[in-house]
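Presented below is the structure to which this report refers.
2 protein chains.
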Amino acid sequence: MAMANELIERRARLLGPNVPTFYADPVHITRGAGSYLWDADGQRYLDAYNNVAHCGHCHPKVVEAISAQAARLNTHTRYLHEGILDYAEALLARFGPGLDQLLMTCTGSEANDVALRMAQAATGKRGFIATDNTYHGNTTAVAHLSTRRPPIGGWPDHIRRVPAPDSLAPLGGTAEAQAEAFAANIATAIAELEAADHGFAGLMLCPIFANEGMPGIAPGFLDPTVDLVRRAGGLILCDEVQPGFGRIGSHFWGHDWLGFSPDVVTLGKPMGNGHPVAGVVARPATMAAFREAFGYFNTFGGNPVSCAAALAVLEVIEEEGLQENARDVGAYLLTGLQELSHPLIHDARGLGLFLGLELARDGAPAGEEAARIVEEMRARHVLMGRVGRAQHILKIRPPMVFSRDDADMLLAALDASFRAIPA
Amino acid sequence: MAMANELIERRARLLGPNVPTFYADPVHITRGAGSYLWDADGQRYLDAYNNVAHCGHCHPKVVEAISAQAARLNTHTRYLHEGILDYAEALLARFGPGLDQLLMTCTGSEANDVALRMAQAATGKRGFIATDNTYHGNTTAVAHLSTRRPPIGGWPDHIRRVPAPDSLAPLGGTAEAQAEAFAANIATAIAELEAADHGFAGLMLCPIFANEGMPGIAPGFLDPTVDLVRRAGGLILCDEVQPGFGRIGSHFWGHDWLGFSPDVVTLGKPMGNGHPVAGVVARPATMAAFREAFGYFNTFGGNPVSCAAALAVLEVIEEEGLQENARDVGAYLLTGLQELSHPLIHDARGLGLFLGLELARDGAPAGEEAARIVEEMRARHVLMGRVGRAQHILKIRPPMVFSRDDADMLLAALDASFRAIPA
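Taken in sequence, the protein lines are chains A and B. According to my numbering, the stretch in the first sequence is residues 33 to 455, in order. According to my numbering, the stretch in the second sequence is residues 33 to 455, in order.
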C-alpha cells in the first residue's frame, strides 16, 4: 500500500488529474501470464476483464514473433515487405465475400476515424448515426460518436444518436418489437440528416452492442436496419474491436453471428495481443474511394513488427482452438452465472467469452450495487468491469485461454461477493 | 524484380490503390541495422531518410527492452505500473520549466489530435491556425490542418492557414522581414477567427518548419508570433515529431533552439525507435483543463512495453552521445553539401542531422529535378526524400548513428547523381 500510494502520487504529479484507474484501491500489477496477473507483492489475480490479452497475457509465441521481427527490421510501408501482405491474406480469409482489403493503423480509434472517412468518400455525404450509449474511440472525430462528454462548441450537427437497444427497457416496449423500433429511429435520423443538408454517410455500431450492455438481441436483429441503411445509400460501419477474433465463440466476427455483411469492419484491441496494431477491412470500391479522396499514410501502421504480432495472434487462435474454448468455457460459465441466486441478479447473458450479469432493483438498473460487486471481486482477486446505461451490468471479457477452472474460481468469488453485500 | 512485381501485385489486391511507396521501382527491404537497410537480394542501402529508427535500425538495447517487457507484462494504464512514471520522469527532465506533465498515445497523429483539444479545453475557443504547406498527421481533425486534399464537405471554417516561411520567396520580400510578416498574417487570421465567432484556441507548428522545407530561419524567428498569440489568449502547440530528441544537434528540442517555451509539445516518430509510441507534454493547467473536459483514455497508450521502448531510446541517446553525433556529423555533412557544385543547387542548410538541399532553376523551385536526384540516389543505394512547397528540397534525416563515413558515402553519391542529370 505504501508503494501504491507513492505510485498514485507520482501519477498525479507526472500525468495530471483524472487519469482513469480501476478500483478505490488501484492494483499495482507487475507481471502477467495466461489468465492471470500478479501484483508487486506476488499476489495473483484472475483477469476476467482484459480482452486485449486475447491469447493470454505475454503469450510466448506472440512475444517471440515481436522480439524476432524487432531485431530484424521495423520500418514503414513505403518499402515493399511481405509482412503486411502475409497478414492481410491470413486475416481477410476470415471474412465473407467482398470484404477483401485491409488498411492498417495502430489503434482502434484510428481505425474508426478512417472508417468514418471511408463512408464519406464512398457516399460524398457527411452525416453519421450511432447509438446514444456507446463509445468508438478517442480521436476528435470518433469521440463525437460518444455521448460521454460534450465537445467544446457543442455536438456537431452531422452526428445523430438513436436510442440503443436495451434489455430492461426495450425499444418499442417489448423484446420482439425492438428490432423494428431500432430501425424506425434510424429512419428518422436519416431523414433529419438529409433535411439538414448533411446527407447520410453511414451507421457505426458494435454488432453485439457491447458498451450498450450486450442487450439480449438475437441474430436478425439488424435486418430491418441494414435494409433501410442500404436503401438510403449509406454504409454500415461495424466496430468489431470488442467482439472480433473468435471471442463470441460461435463465430469469428460479431456480424457473422448477427447475420449481415457490413461495408466496413474495424479491428483493434485483441489484434496484436497488446501490441499497438489495428485495422480497417473494406470492400475494394470503398477502399478505393477512400484512397482516392484522402491519400492516407500511417507511419507505424502495418510495420513488420506489428504484422508479425498480429499474424502470431491469428495462428495462436487457430493452433490452440481459442474460438472453440470461448464457446465451450463461455457456455459453461454462462450456465454457472444463470445458476447464481441473488435478488439483485436480473439477467445473465452473452456470447462465448463475452458475458454480462445485469443487476436491477425493482426493475431499475442497479449501478451502485454493481460497483460494490466489482470492488468485492477485487478483494477476492478477480478483476472485472461494468457496462450499460447505468454501469449496472457486470462485464466478463477475459483472455481467451480462460479455463473451466478459471470459470469455477470466478463463480465462487461472485457467489461470495453477492453474499457480502446487502440484498 | 520478379519478387518485387509479385509484392506490388499483392499490395494492389490486398491493400487497394494509392498506398504510397517510394520510387518508381520500390525497394524490397528485409533487414536493418544502424544506418543501413538490406534488400531481399542482400544489397545494402544507406538510409538517409528514416528519422523513426532514431537510435539506428533494430538497436539491440531497444529490442531487448521491448522483448523483456513484452514477456513480463503488457497492459493498460488503469492499473498502477512504474513504467509510465519512470519514463515520464526521464522525459520531462528534458523540458524547460512548466512543461511538467505527459499524456501518452500511440502515434504522433493521436498526439496532435489531443493537443488541439487541449487548446480548446484551456481556452474554451475552437479556432486554429497552421501554415499553408504542412502536415500534422492523419486523423480527421489534424488532417484539417494539412493542405493536401480537401475534406468531404470542404475545409472547416474554424481552421485558418497562413503562408509558410519560405526561402525562395520570403514573406515580406526579404529574409529579415519574414518574422514580422509571418506574425502579421497570424494577427489577421486571429481577427478572422474571432470575427467568425470561432475564437482563437491555438497555433500549431513545427519549430523548424520541417515539411515547409526548413526555410532558413534563425532563433528568435517566432518571437513576434509568440508574443501575439499569448496576447490573443491562444496556445502555442509545438509539433516536435520531426525535430525532437536531439536530432537538431545543438538542442534536444526545436523550440529550445528557436528560443521559446510552447504551451503544448507533441512527440512521435523517433520516440520508440519504431515501436508505436507517442505523447503530449503540457503545462499542468492545460493538462488539467483537458482531463476535466474530455476524460481521455487510450487502450495501448503508455503500456509497459511502449514505455520500456521509449525509455531505452532516451538512454541510448545519452549513452551513445547521439545528440553530439548529430551536431558533429551534421556540421561535417552540411559543409560537404555546401561544397557540392551544380547549377541546380540553390542552398544547403539545416540543423544537426536534419538537412536540406534546395534545388532551383532561374529562382524557381526545381521539384522534378529533385525527384530525379532521389531516383539517382536510389540507384546508388542511398535512400532519401523530398520536402518543400514544390517538393524541390532534398531531405536528409537519417538515423542518429549516421557516421562521417556515412556522410562521405552520401556526398559521393550526391555528387555522382548531380553529374548524371542534365544541368
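Here a beta-carbon is modelled for each residue, glycine too, at the ideal position from N, C-alpha and C. None of these values were measured; they are calculated from a predicted model.
What three-state label does DSSP hand residue i in the structure shown?
i: V174 of chain B; result: helix
i: R149 of chain B; result: helix
i: P58 of chain B; result: coil
i: K157 of chain A; result: coil
i: M35 of chain B; result: helix
i: N305 of chain B; result: strand
i: I453 of chain B; result: coil
i: Y119 of chain A; result: helix
i: L131 of chain A; result: coil
i: R7 of chain A; result: With chain A represented from 33 up to 455, any question about residue 7 of chain A goes unanswered, as that position is not in the structure.
i: T53 of chain B; result: coil
i: L46 of chain B; result: helix
i: V297 of chain A; result: strand
i: D73 of chain B; result: coil
i: F322 of chain B; result: helix
i: P430 of chain A; result: coil
i: L443 of chain B; result: helix
i: V458 of chain B; result: A query on residue 458 of chain B cannot be resolved here, the shown segment of chain B reaching from 33 to 455 and no further.
i: N509 of chain B; result: The structure shown does not extend to residue 509 of chain B, since chain B is modelled only from 33 through 455, so no value can be given for it.
i: S99 of chain A; result: helix
i: R104 of chain B; result: helix
i: R436 of chain B; result: helix
Which partner residues does residue i have in the DSSP bridge list?
i: L112 of chain A; result: B:H60
i: A310 of chain B; result: B:T137
i: H89 of chain A; result: A:G66
i: A162 of chain B; result: B:R193
i: I40 of chain A; result: DSSP, once it has assigned bridges, lists no residue as partnering I40 of chain A.
i: V419 of chain B; result: B:I425
i: L78 of chain B; result: B:Y68 and B:V414
Name the residues in the segment 339 to 359 of chain A whose C-beta lies less than 8 Å from a C-beta of chain B; which are they? none
Just list the beta strand (DSSP E) runs in the segment 228 to 295 of chain B, keeping only unbroken ones of 3 residues or longer that don't cross its boundaries, in chain order. 232 to 237 and 267 to 271
Is the segment 339 to 347 of chain B close to the segment 108 to 128 of chain B, with three or more CB pairs under 8 Å? yes
Which runs of the beta strand (DSSP E), 3 residues or longer, sit entirely within the segment 329 to 416 of chain A? 377 to 383 and 386 to 393
Quick one: which residues of the segment 90 to 105 of chain B get their C-beta closer than 7 Å to a C-beta of chain A? List them in chain order. C90, V95, I98, S99, A102, A103, R104 and L105
Under 7 Å, CB to CB, which of the residues in the segment 308 to 324 of chain A have a partner in chain B? P308, P316, M319, A320, R323 and E324
Whole runs of the beta strand (DSSP E) within the segment 177 to 226 of chain B, excluding any shorter than 3 residues: 191 to 194
Members of the segment 231 to 243 of chain B that neighbour chain A once the beta carbon cut-off is set at 7 Å: none
Do three or more CB pairs link the segment 128 to 140 of chain A to the segment 303 to 320 of chain A at distances below 8 Å? yes
Could you tell me whether the segment 440 to 448 of chain A touches the segment 88 to 108 of chain A, where touching means 3 or more Cβ pairs closer than 8 Å? no
With three or more beta-carbon pairs closer than 8 Å as the criterion, would you say the segment 412 to 419 of chain B touches the segment 79 to 87 of chain B? yes
Against chain B, which members of the segment 423 to 435 of chain A pass a CB distance test of less than 9 Å? none
Any residues in the segment 109 to 121 of chain B with a beta carbon nearer than 8 Å to a beta carbon of chain A? Which ones, in chain order? T109, R110, Y111, L112, H113, E114, I116, L117, A120 and E121
Per the contact definition of three or more C-beta pairs closer than 8 Å, is the segment 231 to 238 of chain B in contact with the segment 255 to 268 of chain B? yes
Contact residues within the segment 138 to 156 of chain A, judged by C-beta distance below 9 Å to chain B: C138, T139, G140, S141, E142, D145, V146, L148, R149, Q152, A153, T155 and G156
Touch test, the segment 177 to 190 of chain B against the segment 204 to 211 of chain A, Cβ-Cβ under 8 Å, three pairs minimum: no
Could you please tell me which residues of the segment 33 to 53 of chain B, in chain order, have their CB closer than 9 Å to any CB of chain A? M35, A36, L39, I40, R42, R43, R45, L46, L47, G48, P49, N50, V51, P52 and T53
Beta carbons nearer than 9 Å to chain A: which residues of the segment 191 to 219 of chain B have them? none
Quick test of the definition: if touching needs 3 or more C-beta pairs under 8 Å, does the segment 45 to 58 of chain B touch the segment 385 to 403 of chain B? no
If you measure beta-carbon to beta-carbon, which residues of the segment 178 to 192 of chain B are closer than 7 Å to chain A? R180, R181, I184 and G185
Does the segment 143 to 153 of chain A come close enough to the segment 359 to 369 of chain A that 3 or more CB-CB pairs lie under 8 Å? no
Pair every Cβ in the segment 191 to 200 of chain A with every Cβ in the segment 218 to 229 of chain A, then say whether three or more of these pairs are closer than 8 Å. yes
Could you say if the segment 326 to 337 of chain A and the segment 288 to 299 of chain A meet the contact criterion of at least three C-beta pairs nearer than 8 Å? no
Validate contact between the segment 376 to 385 of chain A and the segment 420 to 437 of chain A using beta carbons, cut 8 Å, 3 pairs: yes
Any chance the segment 430 to 439 of chain A sits against the segment 238 to 255 of chain A, with 3 or more Cβ pairs inside 8 Å? no
Interface residues of the segment 72 to 92 of chain B facing chain A [CB-CB below 8 Å]: N82, V84, A85, H89, C90 and P92
Of the residues that make up the segment 58 to 71 of chain A, which ones have a beta carbon closer than 8 Å to any beta carbon in chain B? P58, V59, H60, I61, T62, R63, G64 and L69
Assess contact between the segment 97 to 104 of chain A and the segment 343 to 351 of chain B, defined as three or more Cβ pairs (one per stretch) separated by less than 8 Å. Is contact present? no
Decide if the segment 355 to 362 of chain A is in contact with the segment 277 to 289 of chain A; the criterion is three or more beta carbon pairs, one per stretch, under 8 Å apart. yes
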